[in-house]
Amino acid sequence: MSVSMETIVNLCKRRGFVFPSSEIYGGFASTWDYGPLGVELKRNIREAWWHYMVTARENIVGVETAVLMHPRVWEASGHVAGFSDPLVDCRTCKRRFRADQIPPKADRQCPKGMECDFTEARQFNLMFKTYVGPVEDEAAIAFLRPETAQGMFVNFLNVQQTSRLKPPFGIAQIGKSFRNEITPGNFIFRTREFEQMEMEFFVKPGSDEEWFDYWREQRMRWYTDHLGIKKTHLRFYHYKKEELAHYAKACTDIEYSYPFGWGELEGIANRTDFDLRRHAEYSGKDLTFFDEETRERYFPYVIEPAVGVDRVFLVCLLDAYDEDVQDNEPRVVLRLHPRLAPIKVGIFPLLRKEGQPEKALAIRDLLKHHFTVFYDQAGSIGRRYRRQDEIGTPFGITVDHQTMQDDTVTLRDRDSTQQIRIPIDRLIGELQARLSS
Numbered sequence: 000m001s002v003s004m005e006t007i008v009n010l011c012k013r014r015g016f017v018f019p020s021s022e023i024y025g026g027f028a029s030t031w032d033y034g035p036l037g038v039e040l041k042r043n044i045r046e047a048w049w050h051y052m053v054t055a056r057e058n059i060v061g062v063e064t065a066v067l068m069h070p071r072v073w074e075a076s077g078h079v080a081g082f083s084d085p086l087v088d089c090r091t092c093k094r095r096f097r098a099d100q101i102p103p104k105a106d107r108q109c110p111k112g113m114e115c116d117f118t119e120a121r122q123f124n125l126m127f128k129t130y131v132g133p134v135e136d137e138a139a140i141a142f143l144r145p146e147t148a149q150g151m152f153v154n155f156l157n158v159q160q161t162s163r164l165k166p167p168f169g170i171a172q173i174g175k176s177f178r179n180e181i182t183p184g185n186f187i188f189r190t191r192e193f194e195q196m197e198m199e200f201f202v203k204p205g206s207d208e209e210w211f212d213y214w215r216e217q218r219m220r221w222y223t224d225h226l227g228i229k230k231t232h233l234r235f236y237h238y239k240k241e242e243l244a245h246y247a248k249a250c251t252d253i254e255y256s257y258p259f260g261w262g263e264l265e266g267i268a269n270r271t272d273f274d275l276r277r278h279a280e281y282s283g284k285d286l287t288f289f290d291e292e293t294r295e296r297y298f299p300y301v302i303e304p305a306v307g308v309d310r311v312f313l314v315c316l317l318d319a320y321d322e323d324v325q326d327n328e329p330r331v332v333l334r335l336h337p338r339l340a341p342i343k344v345g346i347f348p349l350l351r352k353e354g355q356p357e358k359a360l361a362i363r364d365l366l367k368h369h370f371t372v373f374y375d376q377a378g379s380i381g382r383r384y385r386r387q388d389e390i391g392t393p394f395g396i397t398v399d400h401q402t403m404q405d406d407t408v409t410l411r412d413r414d415s416t417q418q419i420r421i422p423i424d425r426l427i428g429e430l431q432a433r434l435s436s
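Each residue of the sequence shown is one higher than the one before, starting from 0 at the first, in numbering that gives the first Met the number 0.
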């Protein structure tokens with residue numbers, strides 16, 4: 000079913016996925032805090048990406064690089080000179096807009112009967128500037144990184160030599176980035192502080208087009224086969240030549256059908272050898288690769304799949320949201336892939352007597368070393384099921400009269416709502432099998 004952004008925002012606030020940042024002070028524009036369920040979902044997204052991109056492969060390794068880097072890094076990469084958007088101000092309502100994304104007249108906020116009066120467009124650099132050390136002068140200027148990619152490029156030799164890898168090989172990283180966007184919005188779709196999952200795949204020139212096609216297919220498969228995103232909600236957008244960034248030979252976005260229309264989810268770019276050549280020029284270091292077998296020396300080309308954790312988070316919620324009717328009552332259910340669900344198992348005593356709560360707590364203690372679990376004894380059993388369905392918990396375990404007699408429990412499936420009877424000593428194996436399928 001289609002779902003509005005407002006519905007998802009309300010669900011996130013009500014159930015503890017995402018909160019407005021600094022809310023008790025009235026909030027802070029385009030910043031968000033992740034609550035107890037949100038941090039679990041984000042962690043599961045990171046782990047799913049890391050396993051698919053790094054752990055399951057022999058030629059990709061990870062790094063974690065600093066947010067603050069030498070200012071020359073951003074000169075070499077082109078961010079100081081060219082990482083900017085055209086900005087205009089409205090003299091009437093005092094709002095700012097990207098000159099290429101001015102909203103329709105009906106969506107502006109100028110007083111009734113008054114027209115927007117725009118200034119001339121001027122370039123606005125998107126990097127956050129700061130100062131390192133106690134003195135705020137030109138020599139102390141630094142930037143919060145606008146992408147994690149450059150940390151991998153400047154560590155190309157360190158990683159290649161210590162890991163004894165040769166092209167084709169990749170360097171992956173998950174970390175925070177910062178962009179001083181003029182018009183962020185659509186909840187967590189576009190924010191000034193965000194978390195990226197990027198991989199730089201270094202290949203021999205001439206093989207780059209083949210690897211570009213490979214990674215486009217691999218990244219689309221991750222969403223459909225590993226996260227359970229509906230294929231009909233995804234598509235490729237291939238950039239025209241005039242749309243490419245200055246460093247790119249080719250670029251394809253994986254787009255998702257958001258409530259506001261098709262928009263970028265992930266970008267896969269052929270960055271050529273631009274970054275290594277520029278850093279070699281600006282640093283004076285030799286960043287070429289020497290192939291001992293062929294006796295060739297070259298700057299590797301780079302294929303880069305890059306996606307934001309926050310944007311995957313949003314897509315997972317949008318795609319999983321559903322409403323149906325169970326036992327003649329409406330139900331909201333997040334049909335998240337079990338590997339992503341913040342809580343894997345809900346545990347419920349049917350009654351608050353006959354030793355059932357104690358038995359249920361013992362089962363919780365048994366399972367919590369293997370899964371994220373949640374114990375709930377408040378309200379009717381149907382209401383407890385629905386609370387867990389709404390946050391995407393795939394399995395529910397109920398302790399009842401029969402449990403006290405034969406050590407069996409009911410295991411309920413979130414999506415089908417079907418229940419089976421299973422011995423307690425088989426629970427771990429059964430849940431592991433279901434979660435890995």
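From the three backbone atoms N, C-alpha and C, an ideal C-beta is built for every residue, glycine too.
Taking its Cβ as the centre, do 16 or more other Cβ atoms sit within 10 Å of residue i, making it buried, or is it exposed?
| i | result |
| --- | --- |
| Phe63 | The sequence as given places Glu at residue 63; Phe does not occur at that position. Exposed, by the Cβ-count rule. |
| Gly395 | buried |
| Ser379 | exposed |
| Gln160 | exposed |
| Thr190 | buried |
| Tyr24 | exposed |
| Gly444 | Residue numbering for the chain in the displayed model covers 0 to 436; residue 444 lies beyond these limits and cannot be assessed. |
| Arg310 | buried |
| Arg383 | buried |
| Tyr130 | exposed |
| Ser1 | exposed |
| Lys128 | exposed |
| Arg178 | buried |
| Glu39 | buried |
| Gln217 | exposed |
| Asn441 | As displayed, the chain neither begins before 0 nor continues past 436, which places residue 441 out of reach and without an answer. |
| Thr402 | buried |
| Asp224 | exposed |
| Ser176 | buried |
| Met151 | buried |
| His278 | buried |
| Asp274 | buried |
| Phe259 | exposed |
| Lys284 | exposed |
| Val292 | Here the sequence assigns Glu to residue 292, which means Val is not the residue at that position. Exposed is the call here. |
| Gly345 | buried |
In chain order, what residues of the same chain have a beta carbon less than 8 Å from the beta carbon of residue i, not counting five sequence neighbours either side?
| i | result |
| --- | --- |
| Gln417 | Arg411 |
| Met219 | Leu233, Phe235 and Ile253 |
| Asn154 | Val62, Thr64 and Ile170 |
| Val441 | Outside the displayed range of the chain (0 to 436) lies residue 441, so it cannot be described from this structure. |
If I measure Cβ to Cβ from residue i and keep anything under 6 Å in the same chain, skipping five residues before and after, which residues do I get?
| i | result |
| --- | --- |
| Pro393 | Pro337, Ala340 and Arg413 |
| Asp207 | Asn269 and Tyr300 |
| Leu365 | none |
| Thr251 | Arg215, Phe235, His237 and Ile267 |
| Ile419 | Leu410 |
Mind reading off the beta-carbon distance from residue i to residue j? Whole number of angstroms is fine, and I expect it under 8 Å.
| i | j | result |
| --- | --- | --- |
| Ala437 | Leu335 | The structure shown does not extend to residue 437, since the chain is modelled only from 0 through 436, so no value can be given for it. |
| Phe298 | Lys165 | 14 Å between Cβ atoms; not a contact. |
| Leu143 | Val66 | 6 Å |
| Arg20 | Thr30 | Just to set this straight, residue 20 is Ser in the shown sequence, not Arg. Right, their Cβ atoms sit about 4 Å apart. |
| Thr147 | Glu197 | 5 Å |
| Met4 | His78 | Going by Cβ atoms, the distance from Met4 to His78 rounds to 31 Å, so no, they are not a contact pair. |
| Val332 | Asp323 | 7 Å |
| Ala305 | Glu265 | 7 Å |
| Asp290 | Pro204 | Actually they do not touch by this definition, with Cβ atoms about 12 Å apart. |
In terms of DSSP beta bridges, what is residue i paired with?
| i | result |
| --- | --- |
| Gly169 | Ile59 and Phe200 |
| Cys250 | Ala268 |
| Ile346 | Tyr374 and Ile396 |
| Ile302 | Phe200 and Asn269 |
| Ile421 | Val408 |
| Tyr130 | Ile140 |
| Val2 | DSSP lists no partner for Val2. |
| Lys175 | Glu194 |
Check whether the Cβ atoms of residue i and residue j sit closer than 9 Å, and answer yes or no.
| i | j | result |
| --- | --- | --- |
| Ala47 | Leu226 | yes |
| Ile181 | Phe117 | no |
| Asn58 | Phe168 | yes |
| Val449 | Lys41 | Summary: the structure shown does not reach residue 449, with the chain confined to residues 0 through 436, and so no result is reported for it. |
| Phe370 | Leu286 | no |
| Gln442 | Ser256 | Since the displayed the chain opens at 0 and closes at 436, residue 442 lies outside it and no answer follows. |
| Ile421 | Val408 | yes |
| Asp399 | Leu349 | yes |
| Phe373 | Gln387 | yes |
| Glu74 | Tyr222 | no |
| Phe200 | Glu303 | yes |
| Thr91 | Met113 | yes |
Leaving out five residues on either side along the sequence, give the residues of the same chain with a beta carbon under 7 Å from the beta carbon of residue i.
| i | result |
| --- | --- |
| Arg14 | Leu36, Glu389 and Ile390 |
| Glu242 | none |
Is residue i close to chain D, meaning its C-beta is less than 9 Å from at least one C-beta of that chain?
| i | result |
| --- | --- |
| Arg14 | The structure shown contains no chain D; it is built from a single protein chain. |
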